[in-house]
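A short write-up of the structure that comes next.
Residue numbers (our numbering), protein chains in the order written: chain D, 494 to 774; chain R, -19 to 112.
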């Protein structure tokens, strides 16, 4: 007579449940490049909405005094970040629910006051990181200003992964190197990044200059280069209509990438896949 | 002894690698004489038009070899011979003149219920007999 299987099975299932138990963690991405006009806001908006559509609870935080995140969703600029940092209002009070699973901490010119407040504070580099801790979101995306000030440093310290959108022109590699230098300096002070990615934007595969720069950044940064986002006029129209690319032109090449035989190469849909790989480990 | 030059290999995202390869190929082609560029363009169009007709199957080496040898003997494209063979099989199967039951064995794969296990005389039928 063999031993009864039930107790063994129960122990096995019990152990499995322990193994699969996971603490819910928030993954914070910073979209940073000290160069302006490289597609930071468009990338943050598109990828945040893409994640929200995949049922990930997502928060977008506007660290840029231009306040373009709110405009991108057809909203007015508002001092969300100022209320969070300077008026000590809780995160849940300052967020605006803008799409299903997607919230926004908006910004406006009052964000300049946030910088001054942070400059005067103790432990100033980690203020944003502390305010976003235990937020309950699956993913937080920080849209950074094209500058190198205390708020920028706060964003880089709060982030676990830095996405560096960049155009492929002669100065592109230099701009990327600048951000990586700043990240290395922050790393020397004890902050640990899980990684970084370079996101080529405004990509035009027909020009020789694009090829030269693309070869250069792939040679230097290897697998840290994510699939590029093709240049597309509809991206500019999208912001004007206060819609995201998934709403306005989900079939555009900036979303779907280039058609190469049967496969698609580049585009925000593929980039979203890379982000999910990072989030889900 | 001269050491071979070491080339540093960079791992790339697969989509980035494919895109880069395509762009480099186009760049190289753009420097060719016009006639060669047109020839390459025609070849590409031909390959693209045939793309939907392509399929990949795992076949025993003996079958592939048999087909290749026969195609060479008859001076025919091997794809056309494979098409004829498959079309005849499908017709005969639909007529009921082929019974797969004798080859079927239960599969342990979650994807399939059955495997076909062939006797050697079928698998090696593609081999050309000496002197024939």
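The C-beta atom is built at its ideal place from N, Cα and C for all residues, glycine as well.
Give the DSSP-derived three-state secondary structure of residue i in the structure shown.
i                      : result
residue 689 of chain D : strand
residue 523 of chain D : strand
residue 593 of chain D : coil
residue 588 of chain D : coil
residue 507 of chain D : The predicted position of residue 507 of chain D is uncertain, since its pLDDT is 45 and thus under 50; no value can be drawn from it.
residue 554 of chain D : strand
residue 581 of chain D : coil
residue 736 of chain D : coil
residue 569 of chain D : coil
residue 514 of chain D : Since pLDDT at residue 514 of chain D reaches only 45, below the 50 mark, its modelled position is unreliable, and the value read off the structure follows with that caveat. DSSP places residue 514 of chain D in coil when its eight states are reduced to three.
residue 658 of chain D : strand
residue 774 of chain D : coil
residue 17 of chain R  : helix
residue 763 of chain D : helix
residue 7 of chain R   : helix
residue 610 of chain D : helix
residue 531 of chain D : coil
residue 544 of chain D : helix
residue 758 of chain D : strand
residue 752 of chain D : strand
residue 576 of chain D : helix
Among the options, whose alpha-carbon lies nearest the alpha-carbon of residue i?
i                      : options                       : result
residue 535 of chain D : D/748, D/645 and D/547        : D/748
residue 636 of chain D : D/529, D/755 and D/524        : D/524
residue 597 of chain D : D/713, D/703 and D/553        : D/553
residue 81 of chain R  : R/5, R/63, R/88 and R/94      : R/94
residue 529 of chain D : D/649, D/728, D/640 and D/662 : D/640
residue 728 of chain D : D/698, D/751, D/761 and D/753 : D/761
residue 579 of chain D : D/614, D/756 and D/693        : D/614
residue 661 of chain D : D/704, D/731, D/682 and D/730 : D/704
residue 645 of chain D : D/609, D/631, D/664 and D/663 : D/609
residue 119 of chain R : R/37, R/77 and R/-8           : Residue 119 of chain R falls outside the range modelled here, since chain R spans only -19 to 112, and no answer is possible.
residue 8 of chain R   : D/581, D/561, D/699 and D/601 : D/699
residue 732 of chain D : D/520, D/696, D/548 and D/560 : D/560
Beta carbon of residue i: closer than 7 Å to some heavy atom of the ligand MN?
i                      : result
residue 753 of chain D : Only the bare structure without any ligand can be found here, which leaves the ligand MN out of the picture.
Length at least 3, wholly inside the region 616 to 656 of chain D: the beta strand (DSSP E) runs in chain order
Fully enclosed beta strand (DSSP E) runs of 3 or longer: 632 to 636.
Could you run through the region 704 to 718 of chain D and flag, in chain order, every residue whose CB is less than 8 Å away from some CB of chain R?
Cβ contacts with chain R come from 704, 707, 708, 711, 712, 715, 716 and 718.
Quick one: any contact between the region 615 to 627 of chain D and the region 665 to 672 of chain D, if contact means 3 or more CB pairs under 8 Å?
By the criterion of at least three beta-carbon pairs nearer than 8 Å, the region 615 to 627 of chain D is not in contact with the region 665 to 672 of chain D.
Could I get the ranges of all uninterrupted alpha helix (DSSP H) runs contained in the region 673 to 733 of chain D, with 4 residues as the minimum, in chain order?
Entirely contained in the region 673 to 733 of chain D, the alpha helix (DSSP H) runs reaching 4 residues are, in chain order, 701 to 714 and 726 to 733.
Taking Cβ-Cβ distances below 8 Å as the criterion, which residues of the region 651 to 667 of chain D are in contact with chain R?
Going along the region 651 to 667 of chain D in chain order, one finds no residue with a Cβ nearer than 8 Å to chain R.
Is the number of C-beta pairs between the region 677 to 691 of chain D and the region 700 to 720 of chain D that are closer than 8 Å three or more?
Judged by Cβ distances under 8 Å, the region 677 to 691 of chain D makes contact with the region 700 to 720 of chain D, as three or more pairs qualify.
Could you tell me whether the region 532 to 551 of chain D touches the region 736 to 745 of chain D, where touching means 3 or more Cβ pairs closer than 8 Å?
Verdict: yes, contact present.
Take every Cβ of the region 586 to 595 of chain D, pair it with every Cβ of the region 646 to 662 of chain D, and state whether three or more of those distances are shorter than 8 Å.
The region 586 to 595 of chain D vs the region 646 to 662 of chain D: no contact.
Cβ contact check for the region 556 to 572 of chain D and the region 611 to 619 of chain D: 3 or more pairs under 8 Å:
Three or more Cβ pairs closer than 8 Å define a contact, and the region 556 to 572 of chain D falls short of that threshold against the region 611 to 619 of chain D.
Beta strand (DSSP E) runs contained entirely in the region 29 to 61 of chain R, provided each spans 3 or more residues:
Whole beta strand (DSSP E) segments, 3+ residues: zero.
What are the residues in the region 548 to 575 of chain D lying within 7 Å of chain R by C-beta distance?
Cβ proximity to chain R below 7 Å picks out nothing from the region 548 to 575 of chain D.
Sufficient close CB pairs (3 or more, under 8 Å) joining the region 705 to 712 of chain D to the region -3 to 17 of chain R:
In short, these stretches touch, since the Cβ pair count reaches three.
List, from N- to C-terminal side, the beta strand (DSSP E) runs of 3 residues or more that fit wholly inside the region 61 to 105 of chain R.
Listed in chain order, they are 84 to 86 and 94 to 96.
Using a beta-carbon distance cut-off of less than 7 Å, what residues from the region 13 to 33 of chain R approach chain D?
Answer in chain order: 31.
Using a Cβ-Cβ cut-off of less than 7 Å, give me the residues of the region 678 to 690 of chain D that come near chain R, in sequence order.
Of all residues in the region 678 to 690 of chain D, none has a Cβ within less than 7 Å of some Cβ in chain R.
Output, in sequence order along the chain, the residues in the region 598 to 612 of chain D whose CB is closer than 9 Å to any CB in chain R.
Residues: none.
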